[in-house]
Amino acid sequence: MEVENKNVIVTGGAGGIGKALAWKFIEEGAAGVVVADLERANPQAVADELGERASAFAGDVSEQATVEALVAHAEEAHGPVDLFCANAGVAIGVMLEDDEAVWDTAFGVNIRSHIYAAKALVPGWVQRGSGYFLTTASAAGIVSQIGSAPYAVTKHAAVAFAEWLSITYGDAGVGVSCLCPMGVNTNMLNAGAGDDGVTAGDVVRAAGMVVEPEQVADDVVAALREERFLILPHPEVLTFFQRKAGDYDRWLAGMRRLQAAVTGA
Ligand SMILES: NC(=O)c1ccc[n+]([C@@H]2O[C@H](COP(=O)([O-])OP(=O)(O)OC[C@H]3O[C@@H](n4cnc5c(N)ncnc54)[C@H](O)[C@@H]3O)[C@@H](O)[C@H]2O)c1
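Just so you know, we're using this note's numbering here: the sequence shown kicks off at 18 and counts up by one.
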């Protein structure tokens, strides 16, 4: 898929990877880009920077009615939606003792919002024979992660949902790609995943695996062009994934060693 002349929605578009995607899509000649984010993230400021082909939508995508209103806004402002980027995410929660509300937030933002968007858009895409869903999951969605159970679990769910969309609707004209980076230099990485001293940022920085959001956006556009499912800005992730599939118990033992090294336990 070429982004030129397409109408795009980017959730979590006011910062980090989402903002870089929105800029890249405008550079690639998108007809319309909706920058969707929480009010406090100020999506309007980013839409103003992007110019007249962009518009802003403020709201919480973990609510189904908000996602429906987002799609309605995009259609009214720019026309039918060609590409939905389910990119908003939260890296919260650490261990089993976390309150259920933490799990609810992680499920709401990191996976349920994707389901709401697919429900709002995929039937129309199947009818017209085209449409594209980009999931921002994470390497944590294929090779898990040290530290946050809700993050690892919901990102696996996001990958599974993207796979399911591709399997179910791929032959009906619906394209799906799934972005699975390790460290990206954004607020999320710099804030870390938890408050017990172990953060996703610690792990990926120690491994020297942090890239800039603009590089991720370049990788996304290249993958959309090829209509390739898996987008790995860190190619090492493919090796980790293959090792996991090749010998699950060995991979788990390696992850425990990594956790011990990171926590000093
Ligand atoms: N930074 C990394 O190292 C990294 C690695 C792998 C995957 N990711 C994923 O990339 C995506 C983008 O994250 P980022 O790194 O750019 O971080 P970020 O914190 O800069 O961006 C996340 C955006 O999502 C928005 N958001 C959060 N909850 C929302 C909600 N309920 N409704 C609407 N918007 C909401 C935030 O306001 C923020 O602008 C996330 O899904 C994240 O899990 C990030």
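Built from N, CA and C at the ideal position, the CB exists for glycine as well.
Item checked: For ligand 1, residues whose Cβ lies under 6 Å from any non-hydrogen atom -> Thr-28, Gly-29, Ala-31, Gly-32, Gly-33, Ile-34, Gly-35, Asp-54, Leu-55, Ala-58, Asp-77, Val-78, Ser-79, Asn-104, Ala-105, Gly-106, Val-107, Ala-108, Val-126, Thr-153, Ser-155, Pro-198, Gly-200, Val-201, Thr-203, Asn-204, Met-205 and Leu-206
Next item on the list: Indicate whether the contact test is met: 3 or more Cβ pairs, each with one atom in the segment 127-135 and one in the segment 65-75, closer than 8 Å.
Entry: no
Next item on the list: List the DSSP bridge partners of Ser-72.
Entry: What you label residue 72 is simply residue 55 of the sequence shown in a count that begins at 1. In the DSSP output, where bridge partners are listed per residue, Ser-72 has Val-51.
Margin query: Using 8 Å for Cβ pairs, my map puts Ser-194 next to Ile-248. What's the rounded Cβ distance?
Written below: For this step, residue 194 is matched to residue 177 along the sequence shown. For this step, residue 248 is matched to residue 231 along the sequence shown. Yes, Ser-194 and Ile-248 are in contact; Cβ-Cβ is about 6 Å, under 8 Å.
Item checked: Runs of alpha helix (DSSP H) wholly within the segment 215-262 (minimum 4 residues, chain order) -> 217-223 and 230-243
Note to self: Please state whether the Cβ-Cβ distance between Ala-99 and Ser-147 is less than 9 Å.
What the structure shows: One-based indexing of the sequence shown puts residue 99 at position 82. One-based indexing of the sequence shown puts residue 147 at position 130. Inspection of the sequence shows that residue 99 is occupied by Asp rather than by Ala. Closer than 9 Å, so yes.
Margin query: Let's test the definition: count the other Cβ atoms within 10 Å of the Cβ of Gln-162 and tell me whether it reaches 16, buried, or not, exposed.
Written below: Here residue 162 corresponds to residue number 145 of the sequence shown, with the count starting at 1. Only buried fits Gln-162, as 16 or more other CB atoms lie within 10 angstroms of its CB.
Margin query: Just to confirm the assignment, what range does the alpha helix (DSSP H) spanning Thr-171 have?
Written below: Here residue 171 refers to the residue found at position 154 of the sequence shown. Here the alpha helix (DSSP H) through Thr-171 covers 166-186.
Margin query: Closer than 8 Å to a non-hydrogen atom of ligand 2 - does that hold for the CB of Ala-94?
Written below: Of the ligands one can find in the structure shown, namely ligand 1, none is ligand 2.
Item checked: Under 9 Å between C-beta atoms of Ala-154 and Ala-175 -> Along the sequence shown, one-based indexing puts residue 154 at 137. Along the sequence shown, one-based indexing puts residue 175 at 158. Contact: yes.
Check: Hey, would you say Val-238 sits closer than 9 Å to Val-52, going by beta carbons?
Finding: Against the sequence shown, residue 238 aligns to sequence position 221. Against the sequence shown, residue 52 aligns to sequence position 35. Taking 9 Å as the Cβ cut-off, Val-238 and Val-52 do not qualify as a contacting pair.
Margin query: Cutting at 6 Å between CB atoms, please list the residues of its own chain near Gly-211, excluding the five before and the five after it.
Written below: In the sequence shown, the residue the question calls residue 211 occupies position 194. Summary for Gly-211: the model assigns pLDDT 46, below 50, so the residue's position carries little reliability; its value from the coordinates is reported in the next sentence. Excluding the 5 residues flanking it on each side, Gly-211 has same chain C-beta neighbours closer than 6 Å at Val-111, Gly-164 and Ser-165, in chain order.
Next item on the list: Have a look at Ala-135, Ala-105, Arg-145 and Gly-190 and flag the residue whose alpha-carbon is nearest the alpha-carbon of Phe-178.
Entry: For the purposes of this step, residue 178 is taken as residue 161 along the sequence shown, with counting starting at 1. Considering only alpha carbons, the answer is Ala-135.
Check: Counting Cβ pairs, one atom from each stretch, are 3 or more of them under 8 Å apart for the segment 229-236 and the segment 34-41?
Finding: Enough Cβ pairs lie closer than 8 Å, so yes.
Check: DSSP state of Thr-280, grouped into three classes?
Finding: The residue given as residue 280 occupies position 263 in the sequence shown. Three-state result, Thr-280: helix.
Checklist line | CA-to-CA distance, Val-191 to Gln-144, given in whole angstroms | finding: The count along the sequence shown starts at 1 and reaches residue 144 at position 127. The count along the sequence shown starts at 1 and reaches residue 191 at position 174. Approximately 10 Å, taken between the alpha carbons.
Next item on the list: Have a look at the DSSP bridge pairing and note the partners of Asn-24.
Entry: Here residue 24 is taken as the residue at index 7 of the sequence shown, counted from 1. Partner(s): Gly-49.
Checklist line | Which of helix, strand or coil DSSP assigns to Val-126 | finding: Here residue 126 is taken as the residue at index 109 of the sequence shown, counted from 1. DSSP places Val-126 in helix when its eight states are reduced to three.
Next item on the list: Would you mind working out which of Gly-46, Thr-28 and Asp-54 sits nearest Gly-68, comparing C-alpha positions?
Entry: Position 51 of the sequence shown, counted from the start, is the residue given in the question as residue 68. Closest option to Gly-68, Cα to Cα, is Gly-46.
Notebook entry, point to check: Whose C-alpha, out of Gly-141, Ala-123, Ser-183 and Phe-150, is nearest the C-alpha of Thr-171?
Noted result: By 1-based counting over the sequence shown, the position of residue 171 is 154. It is Ala-123.
Next item on the list: On a CA-only basis, which of Pro-97, Leu-138 and Trp-120 is nearest Tyr-168? Give me that one, please.
Entry: By one-based count along the sequence shown, residue 168 stands at place 151. The residue with the shortest Cα to Cα distance from Tyr-168 is Trp-120.
Checklist line | Nearest residue (CA-CA) to Ala-48, options Ala-91, Arg-260 and Ser-79 | finding: The residue labelled residue 48 in the question sits at position 31 within the sequence shown. Selected option, being the one with the closest Cα: Ala-91.
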